[in-house]
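Engineer: The sequence shown maps to residues 884 to 1500 in the working numbering.
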Amino acid sequence: MPRTATALKARNQPVPLAPVERDTLLKLFLGAVDRYGRPDAMQHKAGGAWRTISHHELEARVARLAAGLADAGVGAGDRVAILSENRPEWMMADFAVLGIGGVDVPLYPTLPANQAAYILKDCGAKAVFVSTAAQLAKVQEIRGDLPDLRLVVSFDDPAGAEGVRRFDEVMDAGQRSIDAGRFTPGYRERAAQVTRDDVATLIYTSGTTGAPKGVMLTHWNLCSNVAACRQHDVLDPQPGDVALSFLPLSHVFERMVDYWYFDSGIGIAYAESIEKVADNLGEVRPTVAVSVPRVFEKIYAKVMGATGVKKAIVGWARKTGEAVVDARLAGREPGGALAFQHRLADRLVFSKLRARTGGRLRTFISGGAPLAPGIAKFFWAAGLPIYEGYGLTETSPVIAVNKPAKWRIGTVGPIVPGVEAAIDEEGEILTRGPHVMKGYWNNPDATAEVIDDDGWFHTGDIGELQDGFLRITDRLKNIIVTAGGKNVAPAPMENLAAMSPFVAQVVMIGDRRAFPSLLVVPDYEHLDAWAAAQGIATGDHAALAREPKVRELFERETLGRLTGFARYEVPKKVLVIPDEFTIDNGLLTPKLSIKRHLVEKKYADEIEALYAGHSAD
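1. In the DSSP assignment, find the unbroken alpha helix (DSSP H) run with Val-1178 in it and report its ends.
2. Please specify which runs of the alpha helix (DSSP H), each continuous and at least 4 residues long, are wholly inside the region 1097-1138, giving them in chain order.
3. Cys-1106 to Val-1171, Cα distance in whole Å?
4. Should the region 1034-1045 be regarded as contacting the region 1059-1069, the criterion being three or more beta carbon pairs within less than 8 Å?
5. Kindly indicate which three-state DSSP category Ile-1466 falls into: helix, strand or coil?
6. If you follow the alpha helix (DSSP H) that Ser-1234 is part of, which residue opens it and which one closes it?
7. Phe-1066 by DSSP, collapsed to three states: which one?
8. State whether the region 1283-1290 contacts the region 1111-1124, with contact taken as three or more CB pairs (one from each stretch) at a distance under 8 Å.
9. Given a cut-off of 8 Å, decide if Thr-1278 and Thr-1246 are closer than it, judged by their beta-carbon atoms.
10. Determine contact between the region 1179-1193 and the region 1135-1153, defined as no fewer than three beta-carbon pairs at a distance below 8 Å.
11. With DSSP as the reference, please indicate the residues paired to Ile-1392 in a beta bridge.
12. What three-state label does DSSP hand Ala-1499 in the structure shown?
13. By the three-class DSSP mapping on this structure, what secondary structure does Met-925 have?
14. Take the Cβ of Ser-1037 as the centre, count every other Cβ of all protein chains shown within 10 Å, and call the residue buried at 16 or more, exposed below.
15. Candidates Arg-1396, Pro-1217, Ile-1269, Lys-1194: which alpha carbon is nearest Pro-1253's?
16. Under the rule that 16 or more other beta-carbon atoms within 10 Å means buried, what is Thr-907, buried or exposed?
17. What is the rounded straight-line gap between the Cα of Ile-983 and the Cα of Asn-969?
18. Cβ atoms of Val-1173 and Ala-1248: under 8 Å apart, would you say?
19. So, using beta-carbon positions, are Leu-1436 and Leu-1493 closer together than 8 Å?
20. Starting from the N-terminal side, write out each stretch of the alpha helix (DSSP H) that is 4 residues or longer and does not extend beyond the region 957-984.
21. Per DSSP, what kind of secondary structure is Thr-1092 in: helix, strand or coil?
22. State the beta-bridge partners of Phe-1352 as determined by DSSP.
23. Would you list the one or two residues that DSSP bridges to Val-1371?
24. Can you confirm whether the region 1347-1356 touches the region 1023-1038 when touching is taken to mean that 3 or more C-beta pairs between the two stretches lie within less than 8 Å?
25. Against chain B, with Cβ distances strictly below 8 Å, would Ser-1060 count as a contact?
26. Just curious, the beta strand (DSSP E) that Pro-989 is in, first and last residue?
27. With DSSP collapsed to three states, give me the class of Tyr-1523.
28. Does the Cβ-Cβ distance between Ala-1380 and Leu-1348 come in under 8 Å?
29. For Phe-1223, count neighbouring C-beta atoms within 10 Å of its own C-beta (all shown protein chains included) and say buried if the count is 16 or more, exposed if not.
30. DSSP three-state call for His-1318: helix, strand or coil?
31. Can the beta-carbon of Pro-1169 be found less than 8 Å from the beta-carbon of Leu-1244?
32. Taking Phe-912 and Phe-1233 to be in contact with their CB atoms under 8 Å, please state how far apart those CB atoms are, rounded to whole angstroms.
33. Please state the DSSP three-state secondary structure of Phe-1262.
34. Are the CB atoms of Ser-1156 and Pro-989 nearer to each other than 8 Å?
35. Gly-1150 lies in the beta strand (DSSP E); which residues open and close that run?
36. So, using beta-carbon positions, are Asp-1040 and Ser-1014 closer together than 8 Å?
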């Protein structure tokens, strides 16, 4: 049923978006080649050394690949999937597909074969790029169920796999097509025929509930968002800037940001893997990077997990840093004793953290989930500013983001130019503008459920607009209503609980219950060390989770941090879960969001035992 417009209780006065010349991703890409011509437009590690690809070499490879795809029968409007980790070939495939008027469909490399099959079948993919033998095996397993699939191309050598073409082979075929005059008009001429309203990509939502939906984003959706972020002055690009790309390009956040890098003349270095990010930061020494809160949480937990004398020093440095950041947020530059203490804390703790990130980082952007204010303050105090932002796949993605000239910890910043934002009577965040998707692929009913008659997209998030800053309080679907009828937003308390070095993952439950509770997955690196010091046997996670002293530890480490909340909001009990929530066990989405309803279902018996004797009345 189509959604009717909703009464609004707050809205922003949008900053007009300046005229945008590069209104397709092809104009953005080719404009970067012409304007910057960097010898190190891209970097990747091969054979133990970092290799560079220039802007001009990149265009030449993309043109050959586009010609090879056209020679294989891929044309305008065809859907082409990319199942790969971040690497230069990912973006080459992207720009090649777009250049012939195609629509690319990114797939998370962590997806199991059956979930990849759903997406490939739903979008009717005509071709698919795969990165490695492991990704190729997934496609080969499901190929018989994909009647539209005609072409499989492997970035790595497919080792003679039947019906699979090597990436270089397709480029070579493209060069022959160009030489023979078959690829006419050429790449630039074809790219010029693509319009801003053409669909550029289908990005499938992760599906925390129900089947994934294909979000149709046009060239203009993404280009307007790039232009809005540039006008917002978040990055302040400098000559020689380098970004480390490690969030999945299959996620709209990293995808749009990499376009933003291109348009700003920033070189892109692709991390070897998420496990190698720490090493790659030191090798590449980037100046900018984007991440999700989980990465910052892990770094924070590692630092705060120090023991002995180091623990006391780190704790003191954290408190000193927080005082410094609080002063700056209040418009005061710290002086006297506090300034001296901060210099000492910097020498003992913060400078080492900067060194671990390469020593040149001046901008971190965080998105995808709320970032705990305490963690943000820690990084700011260390001279590693994190500018938190907010958006969704359906909004291309950025709606709001903090920036150097205007930032406030605990918010997701001011609304970016050209974007309207509002809060309806239920507290839900609405938005409209050129960033809002065209709709869901082959799903007009689902589209009508989220875009109302006045063009407002309903985000499903609860928030507030205060002094020009947007603050996210929770997901609409996550709000807990206790048996006493009290509404409780889990995110703020989950964020605080997750700051403990002993906590790897946390979920608050309590809908229609007498009180909220926390389900906590331990960080076993820290828990095992603590348990061994207490004389508690380690190695058996299930036994460790049942240990009364462990439960008491987690009650102190989580509930002890939850001050300043109403009594009815604060969880009363903690359930220690022995096993991590992962994509493989179905409890995490590919973008690492916890599937709350499935967690509650999986641990239903343990939860019932937790609440035994506590009536919902």
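Cβ coordinates follow ideal geometry from the N, Cα and C atoms, glycine included.
Structural biologist: Quick look at the numbers:
1. Per DSSP, Val-1178 belongs to the alpha helix (DSSP H) from 1176-1187.
2. Listed in chain order, the complete alpha helix (DSSP H) runs (minimum 4 residues) inside the region 1097-1138 are 1102-1114.
3. Near 20 Å, if we compare the C-alpha coordinates of Val-1171 and Cys-1106.
4. Not touching, per the Cβ criterion.
5. Look at Ile-1466 here: in three-state DSSP terms it is coil, with no helix or strand label.
6. Note, Ser-1234: alpha helix (DSSP H), 1234-1239.
7. Judged by DSSP in its simplified three-state form, Phe-1066 adopts coil rather than helix or strand.
8. In short, these stretches touch, since the Cβ pair count reaches three.
9. Not closer than 8 Å, so no.
10. Contact annotation: the region 1179-1193 does not touch the region 1135-1153, with fewer than three C-beta pairs closer than 8 Å.
11. For Ile-1392, the pairing in a beta bridge is given by DSSP as Ser-1400.
12. Note that Ala-1499 scores 47 on pLDDT, short of 50, meaning its location in the model is unreliable; the coordinates nonetheless yield the value given after this. Three-state DSSP puts Ala-1499 in coil, outside helix and strand.
13. Note: Met-925 maps to strand in three-state DSSP.
14. Residue environment: Ser-1037 is assigned as buried (16 or more neighbouring CB atoms within 10 Å of its CB, all protein chains considered).
15. Selected option, being the one with the closest Cα: Ile-1269.
16. In this structure Thr-907 is buried. Its beta-carbon is surrounded by 16 or more other beta-carbon atoms within 10 angstroms.
17. A straight line joining the alpha-carbon of Ile-983 with that of Asn-969 spans about 22 Å.
18. In the sequence as displayed, the identity of residue 1248 is Ile instead of Ala. By the CB criterion at 8 Å, Ile-1248 and Val-1173 fall inside the cutoff.
19. No. Outside cutoff.
20. The region 957-984 contains these whole alpha helix (DSSP H) runs: 971-982.
21. Low per-residue confidence applies at Thr-1092: pLDDT is 49, beneath 50, and the placement is therefore not dependable enough to give any value.
22. DSSP lists Pro-1297, Gln-1349 as the bridge partner or partners of Phe-1352.
23. Listed as beta-bridge partners of Val-1371 by DSSP are Ile-1363.
24. No: the two stretches stay apart, fewer than three of their Cβ pairs being nearer than 8 Å.
25. Included in the structure is just one protein chain, with no chain B present.
26. Looking at the DSSP string, the run of the beta strand (DSSP E) that includes Pro-989 is 986-990.
27. With the chain covering only 884 through 1500, there is no way to say anything about residue 1523.
28. With a cutoff of 8 Å on beta-carbon distance, Ala-1380 and Leu-1348 are scored as not near each other.
29. Burial call: exposed.
30. Taken through DSSP and simplified to helix, strand or coil, His-1318 comes out as coil.
31. Contact flag set, yes.
32. That pair is no contact at about 38 Å.
33. Three-state DSSP puts Phe-1262 in a helix.
34. Result no, Cβ atoms of Ser-1156 and Pro-989 do not sit closer than 8 Å.
35. Counting along the chain, the unbroken beta strand (DSSP E) around Gly-1150 starts and ends at 1150-1153.
36. Their beta carbons are not under 8 Å apart, which means Asp-1040 does not touch Ser-1014 by this criterion.
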